[in-house]
Amino acid sequence: MPREPPWRDGSLPTQGFTSGFLDKPVVEVARNLLGCRLISSLEGERTVGVIVETEAYGGPEDPASHAATVMGITKRNAVMFGPSGYVYVYRIYGIHWCMNVVTGLDSQAQAVLIRGLDPIDGEDVMRERRGGRSPIAGGPGRVTQAMGVTGALQGHRLTSPPLALESGWTLSNKAVRTSGRIGVTKAADWPYRFYVHGARGVSRHPANC
């Protein structure tokens, strides 16, 4: 059985953001965002979740990315081609918002999709936003609904309210798993999905987990 994650056993945050944390290659950032905190003060409510699942999207050379070469720069994806640390939000099926963190250097058009959170503050608010449904924040559409994120956050810088990234807990390689990406038809087998083994908020665990 996997061990309880450090934020659940009373351990204090150990990971601090260094200069250029989000400027690194997207796969590296996707892995290192695990254990970081996403803090929302949207709608006048404080909610905090630890990031437990991510997916990397690598820019023009990644056929599954919204910035793939065949797409080019559009009004929707333009924020991806800017500097790191900004929010890229889009809607799927005309219903669910999905939140990404722009990474890499300016114009590289890389982004990390936040796929799962483990709520650690304001869980009652998150549950209410989700209409009492479970899981609370396992899956990208549930993440945004639980945290109050909508398209109004497009282009928001994640260093200040109402939505911010903060340092969290450093996770060992033993605690982290990788897999192919979920819900894409191109390059789905690329090992660009990262998740915390056994953590609450992971949208999909292996059957033998």
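The numbers in numbering that gives the first Met the number 0 rise by one with no breaks, and the one at position 25 of the sequence shown is 24.
Backbone N, C-alpha and C fix where the C-beta goes; we use that ideal spot for every residue, glycine too.
Item	Value
Pair every Cβ in the segment 36 to 55 with every Cβ in the segment 107 to 123, then say whether three or more of these pairs are closer than 8 Å.	yes
In three-state DSSP terms, what is MET98?	strand
What is the DSSP secondary structure of CYS208, counted as helix, strand or coil?	Confidence at CYS208 is low in this model, with a pLDDT of 39, below 50, so its placement is unreliable and the value that follows should be read with caution. Correct three-state label for CYS208: coil.
So, for THR158: in the same chain, excluding its five sequence neighbours on each side, which residues have a beta-carbon less than 8 Å away from its beta-carbon?	GLY84, LEU164
On a CA-only basis, which of VAL201, THR143, GLY154, THR177 is nearest GLY81? Give me that one, please.	GLY154
Ignore the nearest five residues each way along the sequence and tell me which others in ASN207's own chain have a CB closer than 8 Å to its CB.	Low local confidence applies: a pLDDT of 42 at ASN207 is under 50, so the model's placement there is unreliable, and no value is given.
Using the three-state DSSP reduction, which class does LEU41 fall into: helix, strand or coil?	helix
Measuring straight from C-alpha to C-alpha, what distance separates ALA67 and PRO12?	36 Å
Alpha carbon to alpha carbon, how far is THR53 from THR73?	24 Å
Within 10 Å of its beta-carbon, does ASP8 have 16 or more other beta-carbons around it, so buried, or fewer, so exposed?	exposed
In whole angstroms, what separates the C-alpha of ARG203 from that of TYR56?	19 Å
Where does PRO4 land, buried or exposed, given buried means 16+ other C-beta within 10 angstroms?	buried
What does the alpha-carbon distance come out to for the pair GLY137 and LEU33?	14 Å
If you count every other CB in all the chains shown that lies within 10 Å of the CB of SER64, and 16 or more means buried, which is it?	buried
Could you tell me which whole alpha helix (DSSP H) segments of length 4 or greater appear in the segment 15 to 74?	25 to 31
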